[in-house]
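Trainee: Residue numbers (my numbering), protein chains in the order written: chain E, 5 to 340; chain G, 5 to 340.
2 protein chains.
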Amino acid sequence: MPIKKLGRQTVALANPPALIGHANVVGKKEGDGPLKNSFDHIEQDDTFGEKSWEKAETAMQKIALAAALDKAGQAISNLDYLFAGDLLNQCIGSGFAIRGQDVPFFGLYGACSTMGEGLSLASMSIDGGFAQFAGVVTSSHFCSAERQYRTPLEYGGQRTPTAQWTVTGSGAVILAKDGPGPHITHITTGKVVDKGIKDANNMGAAMAPAAYDTLTAHFKDTGRQPDFYDLIVTGDLGKLGKEIVQDFFKQDGIELSNYDDCGTLIFDLQKQDVHCGGSGCGCSATVLTGFLLNGMREGRWNNILFCPTGALLSPTSTQQGESIPCICHAVSISMP
Amino acid sequence: MPIKKLGRQTVALANPPALIGHANVVGKKEGDGPLKNSFDHIEQDDTFGEKSWEKAETAMQKIALAAALDKAGQAISNLDYLFAGDLLNQCIGSGFAIRGQDVPFFGLYGACSTMGEGLSLASMSIDGGFAQFAGVVTSSHFCSAERQYRTPLEYGGQRTPTAQWTVTGSGAVILAKDGPGPHITHITTGKVVDKGIKDANNMGAAMAPAAYDTLTAHFKDTGRQPDFYDLIVTGDLGKLGKEIVQDFFKQDGIELSNYDDCGTLIFDLQKQDVHCGGSGCGCSATVLTGFLLNGMREGRWNNILFCPTGALLSPTSTQQGESIPCICHAVSISMP
Numbered sequence: 005m006p007i008k009k010l011g012r013q014t015v016a017l018a019n020p021p022a023l024i025g026h027a028n029v030v031g032k033k034e035g036d037g038p039l040k041n042s043f044d045h046i047e048q049d050d051t052f053g054e055k056s057w058e059k060a061e062t063a064m065q066k067i068a069l070a071a072a073l074d075k076a077g078q079a080i081s082n083l084d085y086l087f088a089g090d091l092l093n094q095c096i097g098s099g100f101a102i103r104g105q106d107v108p109f110f111g112l113y114g115a116c117s118t119m120g121e122g123l124s125l126a127s128m129s130i131d132g133g134f135a136q137f138a139g140v141v142t143s144s145h146f147c148s149a150e151r152q153y154r155t156p157l158e159y160g161g162q163r164t165p166t167a168q169w170t171v172t173g174s175g176a177v178i179l180a181k182d183g184p185g186p187h188i189t190h191i192t193t194g195k196v197v198d199k200g201i202k203d204a205n206n207m208g209a210a211m212a213p214a215a216y217d218t219l220t221a222h223f224k225d226t227g228r229q230p231d232f233y234d235l236i237v238t239g240d241l242g243k244l245g246k247e248i249v250q251d252f253f254k255q256d257g258i259e260l261s262n263y264d265d266c267g268t269l270i271f272d273l274q275k276q277d278v279h280c281g282g283s284g285c286g287c288s289a290t291v292l293t294g295f296l297l298n299g300m301r302e303g304r305w306n307n308i309l310f311c312p313t314g315a316l317l318s319p320t321s322t323q324q325g326e327s328i329p330c331i332c333h334a335v336s337i338s339m340p
Numbered sequence: 005m006p007i008k009k010l011g012r013q014t015v016a017l018a019n020p021p022a023l024i025g026h027a028n029v030v031g032k033k034e035g036d037g038p039l040k041n042s043f044d045h046i047e048q049d050d051t052f053g054e055k056s057w058e059k060a061e062t063a064m065q066k067i068a069l070a071a072a073l074d075k076a077g078q079a080i081s082n083l084d085y086l087f088a089g090d091l092l093n094q095c096i097g098s099g100f101a102i103r104g105q106d107v108p109f110f111g112l113y114g115a116c117s118t119m120g121e122g123l124s125l126a127s128m129s130i131d132g133g134f135a136q137f138a139g140v141v142t143s144s145h146f147c148s149a150e151r152q153y154r155t156p157l158e159y160g161g162q163r164t165p166t167a168q169w170t171v172t173g174s175g176a177v178i179l180a181k182d183g184p185g186p187h188i189t190h191i192t193t194g195k196v197v198d199k200g201i202k203d204a205n206n207m208g209a210a211m212a213p214a215a216y217d218t219l220t221a222h223f224k225d226t227g228r229q230p231d232f233y234d235l236i237v238t239g240d241l242g243k244l245g246k247e248i249v250q251d252f253f254k255q256d257g258i259e260l261s262n263y264d265d266c267g268t269l270i271f272d273l274q275k276q277d278v279h280c281g282g283s284g285c286g287c288s289a290t291v292l293t294g295f296l297l298n299g300m301r302e303g304r305w306n307n308i309l310f311c312p313t314g315a316l317l318s319p320t321s322t323q324q325g326e327s328i329p330c331i332c333h334a335v336s337i338s339m340p
């Protein structure tokens, strides 16, 4: 069998898996934002009835996964594999959400790129002949992220202008060997790129080079031009990171007119006091599973390049003076 | 194409990938243990010349990966994918080790089961036709784990009798589509099992039910009996967890005579003051890449079932009163 690789980083799936179910759940702030009509569940109580923010994150994953399975008309025991990850230390959001469930499980860590990583591996598990159905779920929670990465919420720390706001939300996708589409046709797997940015409050600038690197590889590997896509959407670069990606392409003589970013889409940057926009594993996951995939089904876009970005730092690496390694995984989604 | 699944959790690889290179690096204590002759590098200075334990862990991954690539006669730029993970918050051991390297990267979190998870996904990437070469690397470091999970080293905390000792070490494997073997023939992917154990100093008892669950699934799915294998080896259950697994099988009327555990193999439990044995992502990884695979090459064993186990807890989940979700991935390795 020949290797299904195009160039160095891209796979063209021989039998593109279908996205047969997708759902999400978000918190109050996200539900007040411009994408409010695309969310399946908007919870006014960010604790989700749980005793800790971490348990709330686990509760969100369970809600999103159950809703996606329901839309797909599948029981979890029909999934051959579930791929999941989050931002919490040791990915406890996911581990506890999957606990006791009847499904073979692969835990991922790709920071905010995890939905892209999960879709890539789930697609390969199906196209490779190992699975008929596979699921992906990721999450983030503003409160669990804030106290883990920055300061206790009660501290009321000032945020810098380049800071982003971690999305409280979870998105889940069910993929199948056969189905009406949208389908995942190509995956481009990122390398770890670090251009020396050390400011952990400027993730957009840190992650933009990784996004540019993966996008460039995708176009080179596939021979597609950016205008093949109705929409190219990065994970959570926010306002500044998005501008940097556009600048990089301008230097290559390319005007990215069909380009947006999940971090700038999910919040109203003028009114919602989120500075550069949204971030977190839940950001690209909730934008994908609502606004983007619903839009494809409604005929708004036929071809989307979905490119979640992740910053692979930790508070410890920052305290030790390190810069920020980043990654971006691109997933090409098309309507038949 | 029919799905290559056997039963619920197992894949029989159509073209079993070859393990064409494997190498490891360990610290002084591991180098003083019974497996000392199976390690490629034994470092007397556990800092590996770095300024922090976390950077030392990254250094170990780089050493192990470079050595495995060297043995395989491959450059990293020939790897289609690299899978890596560790125990550190946000898996910084891996993210920083892969930073700037020319390889598409998938980050994993499976706690101490990560080598099993990585071998499973790397095998699927090759057997599915997406890769000619794929790599896996995992690590743990006693000092980085101790201060992250338990107490600062300087505190000199007393260890309970059921505690295990995190291995300082990293192991790397290079897999190829074609090669002389040993080959990975089957993978059995674990579910998240939690039987209610809450003592974070008794990982063996927490993880044993997950190991039993995956082993039982493997035998059921494949129709193989335990005595098909010359050696069944779990990840890092330690002395107590190993006894619990043997007890579970005894209740099923099966005497596991060909069974051992990486956590009990790597240290001399009588002399090295490690209580129940070794643990950490580096434990099963260094035992596999030395003692086990070298032993297969030397004709000591023809068929091994390698079953790393992981505890998906965090200090936060323990502080919040949670029990310990666990997982075990089984990988069947055979000589031609």
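For glycine and all other residues, C-beta sits at the position ideal for the given N, C-alpha and C.
#1: Can we say the segment 176-183 of chain G touches the segment 116-136 of chain G, given the rule of at least three CB pairs closer than 8 angstroms?
#2: Taking Cβ to Cβ, would you say E/Leu241 is nearer than 7 angstroms to E/Ala212?
#3: Between G/Pro340 and chain E, is there a C-beta pair that is closer than 7 angstroms?
#4: Just checking my contact of G/Phe146 with G/Thr172 at CB under 8 angstroms: how many whole Å lie between their CB atoms?
#5: When you compare each of E/Asp50, E/Ala18, E/Leu92 to G/Thr2 by their alpha carbons, which one comes out closest?
#6: Which residue wins for smallest C-alpha separation from E/Glu34, given the options E/Thr290, E/Gly111, E/Pro21, E/Leu83?
#7: Helix, strand or coil, according to DSSP, for G/Trp57 in the structure here?
#8: According to DSSP, is G/Asn19 helix, strand or coil?
#9: Helix, strand or coil: how does DSSP classify G/Asn307 here?
#10: Under 7 angstroms between beta-carbons, which chain G residues line up against E/Phe341? List them in chain order, please.
#11: Measure the C-alpha to C-alpha separation of E/Thr193 and G/Gln229 and round it to an integer number of angstroms.
#12: Residue range of the beta strand (DSSP E) that G/Gly173 falls in?
#13: Could you have a look at G/Ser341 and say whether DSSP puts it in helix, strand or coil?
#14: Span of the alpha helix (DSSP H) holding E/Leu244?
#15: Interface residues of chain E around G/Tyr113 at Cβ under 9 angstroms?
#16: Can you tell me which of G/Pro6, G/Gln13, G/Asn19 puts its alpha carbon nearest to the alpha carbon of E/Pro6?
#17: Whose C-beta lies closer than 6 angstroms to the C-beta of G/Ala210 among residues of the same chain, with five residues either side of it excluded?
#18: Jot down the residue ranges of each uninterrupted alpha helix (DSSP H) in the segment 109-192 of chain G, minimum 4 residues, whole runs only, in chain order.
#19: Name, please, each residue of chain G whose Cβ falls closer than 7 angstroms to the Cβ of E/Lys9.
#20: Mind listing the chain G neighbours of E/Ser56? Cutoff is C-beta to C-beta under 7 angstroms, in chain order.
#21: G/Glu58: which of G/Tyr153, G/Val15, G/Ala149 sits nearest, CA to CA?
#22: Out of G/Met300, G/Trp305, G/Gly245, G/Tyr263, point me to the one whose CA is closest to G/Gly282's CA.
#23: Of the residues E/Gly325, E/Ala68, E/Thr62, E/Ser56, which one's Cα is nearest the Cα of E/Lys46?
#24: Give the secondary structure of G/Phe87 by DSSP, where H, G and I count as helix, E and B as strand, and everything else as coil.
#25: Give the DSSP bridge partners of E/Cys330, in chain order.
#26: Whole-angstrom Cβ separation of E/Thr226 and E/Thr313, contact assumed at under 8 angstroms?
#27: Just the chain G side, please: which residues come within less than 7 angstroms of E/Leu123 by C-beta, in chain order?
#28: Consult DSSP for E/Asn298 and reduce its assignment to one of helix, strand or coil.
#29: If you measure from the beta carbon of E/Met128 to each beta carbon in chain G, is any gap under 7 angstroms?
#30: Could you list which residues in chain E have their beta carbon closer than 7 angstroms to that of G/Lys349, in chain order?
#31: From the DSSP secondary-structure annotation, give me the bridge partner or partners of E/Ala79.
#32: What does the Cβ neighbour count give for E/Ala263, buried or exposed, with the cut at 16 atoms within 10 Å?
#33: Do the CB positions of G/Ser98 and G/Gly114 come within less than 7 angstroms of each other?
#34: From E/Leu83 to G/Phe52, what distance separates their C-alpha atoms?
#35: If you draw a straight line from the C-alpha of E/Ile236 to the C-alpha of E/Leu309, how long is it?
#36: Note down, in chain order, all residues in the segment 193-217 of chain E with a beta-carbon under 9 angstroms from any beta-carbon belonging to chain G.
Mentor: Result, derived from the coordinates:
#1: yes
#2: The residue you call residue 241 of chain E lines up with position 237 of the first sequence. The residue you call residue 212 of chain E lines up with position 208 of the first sequence. Yes. Within cutoff.
#3: To locate residue 340 of chain G, count along the second sequence from 1; it is residue 336. Judged by the 7 angstroms Cβ criterion, G/Pro340 is not in contact with chain E.
#4: Numbered from its first residue, the second sequence carries residue 146 of chain G at position 142. Numbered from its first residue, the second sequence carries residue 172 of chain G at position 168. About 5 angstroms separates the two Cβ atoms, so the contact holds.
#5: Any property of residue 2 of chain G remains undetermined from this structure, which presents chain G solely from 5 to 340.
#6: The residue you call residue 34 of chain E lines up with position 30 of the first sequence. It is E/Thr290.
#7: The count along the second sequence starts at 1 and reaches residue 57 of chain G at position 53. Looking at G/Trp57 - three-state DSSP - the assignment turns out to be helix.
#8: Your numbering for residue 19 of chain G matches position 15 in the second sequence. Looking at G/Asn19 - three-state DSSP - the assignment turns out to be coil, as it is neither helix nor strand.
#9: Locating residue 307 of chain G in the second sequence gives position 303, counting from the first residue. Looking at G/Asn307 - three-state DSSP - the assignment turns out to be strand.
#10: Limits of chain E in this structure are 5 at one end and 340 at the other, which puts residue 341 of chain E out of reach.
#11: Looking up residue 193 of chain E in the first sequence gives position 189. Looking up residue 229 of chain G in the second sequence gives position 225. E/Thr193 and G/Gln229: Cα-Cα distance of roughly 39 angstroms.
#12: Residue mapping note: residue 173 of chain G aligns to position 169 of the second sequence, counting from 1. Element bounds for G/Gly173: 173-180.
#13: Because chain G spans 5 through 340 in this model, residue 341 of chain G falls outside it and cannot be assessed.
#14: Here residue 244 of chain E refers to the residue found at position 240 of the first sequence. It spans 242-255 - the alpha helix (DSSP H) in which E/Leu244 sits, taken as one unbroken run.
#15: On the second sequence, position 109 is the one that residue 113 of chain G refers to. Under the 9 angstroms cutoff, chain E gives Gly89, Gln94, Cys95, Ser98, Gly99, Gly111, Leu112, Tyr113.
#16: Taking the first residue of the first sequence as 1, we reach residue 6 of chain E at position 2. The closest CA to that of E/Pro6, considering only G/Pro6, G/Gln13, G/Asn19, is found on G/Asn19.
#17: As a first step, residue 210 of chain G must be located in the second sequence, where it is residue number 206. Same-chain partners within the cutoff: Ile201, Ala315, Ile328, Cys330.
#18: 118-131, 146-153
#19: For the purposes of this step, residue 9 of chain E is taken as the residue at position 5 of the first sequence. Within chain G, the residues near E/Lys9 are Asp84, Phe134.
#20: Position 52 of the first sequence, counted from the first residue, corresponds to residue 56 of chain E. One finds Gln324 in chain G with Cβ atoms closer than 7 angstroms to the Cβ of E/Ser56, taken in chain order.
#21: In the second sequence, the residue the question calls residue 58 of chain G occupies position 54. Residue G/Ala149 is the option with its Cα nearest to G/Glu58.
#22: Here residue 282 of chain G is taken as the residue at index 278 of the second sequence, counted from 1. The shortest Cα separation from G/Gly282 among G/Met300, G/Trp305, G/Gly245, G/Tyr263 belongs to G/Gly245.
#23: Taking the first residue of the first sequence as 1, we reach residue 46 of chain E at position 42. First, the amino acid is wrong: residue 46 of chain E is Ile here, not Lys. It is E/Ala68.
#24: The sequence position of residue 87 of chain G within the second sequence is 83, counting from 1. Three-state DSSP puts G/Phe87 in a strand.
#25: Sequence index remark: in the first sequence, residue 330 of chain E carries index 326 (1-based). E/Cys330 pairs with E/Val197, E/Ala315.
#26: Along the first sequence, read from residue 1 onward, the residue named residue 226 of chain E stands at position 222. Along the first sequence, read from residue 1 onward, the residue named residue 313 of chain E stands at position 309. Not confirmed; about 19 angstroms, so no contact.
#27: Within the first sequence, the letter at position 119 stands for residue 123 of chain E. Correct list: empty, because the minimum Cβ distance to chain G is about 12 angstroms.
#28: Within the first sequence, residue 298 of chain E is the residue found at index 294, counting from 1. Three-state result, E/Asn298: helix.
#29: As a first step, residue 128 of chain E is located in the first sequence; it is residue number 124 there, counting from the start. Yes, because at least one Cβ of chain G sits closer than 7 angstroms to the Cβ of E/Met128.
#30: The shown model of chain G, from 5 to 340, leaves out residue 349 of chain G, and the question about it has no answer.
#31: The residue labelled residue 79 of chain E in the question sits at position 75 within the first sequence. E/Ala79 pairs with nothing; no bridge assigned.
#32: Residue mapping note: residue 263 of chain E aligns to position 259 of the first sequence, counting from 1. Residue identity check: residue 263 of chain E is Tyr in the sequence provided, not Ala. E/Tyr263 comes out buried.
#33: Here residue 98 of chain G corresponds to residue number 94 of the second sequence, with the count starting at 1. Here residue 114 of chain G corresponds to residue number 110 of the second sequence, with the count starting at 1. No, the Cβ-Cβ distance between G/Ser98 and G/Gly114 is not below 7 angstroms.
#34: Counting from one through the first sequence, the residue named residue 83 of chain E turns up at place 79. Counting from one through the second sequence, the residue named residue 52 of chain G turns up at place 48. Using only the alpha carbons, I get a separation of about 43 angstroms.
#35: For the purposes of this step, residue 236 of chain E is identified with residue 232 of the first sequence, where counting begins at 1. For the purposes of this step, residue 309 of chain E is identified with residue 305 of the first sequence, where counting begins at 1. Between E/Ile236 and E/Leu309, the C-alpha separation is close to 5 angstroms.
#36: Thr193, Gly194, Lys195, Val196, Val197, Asp198
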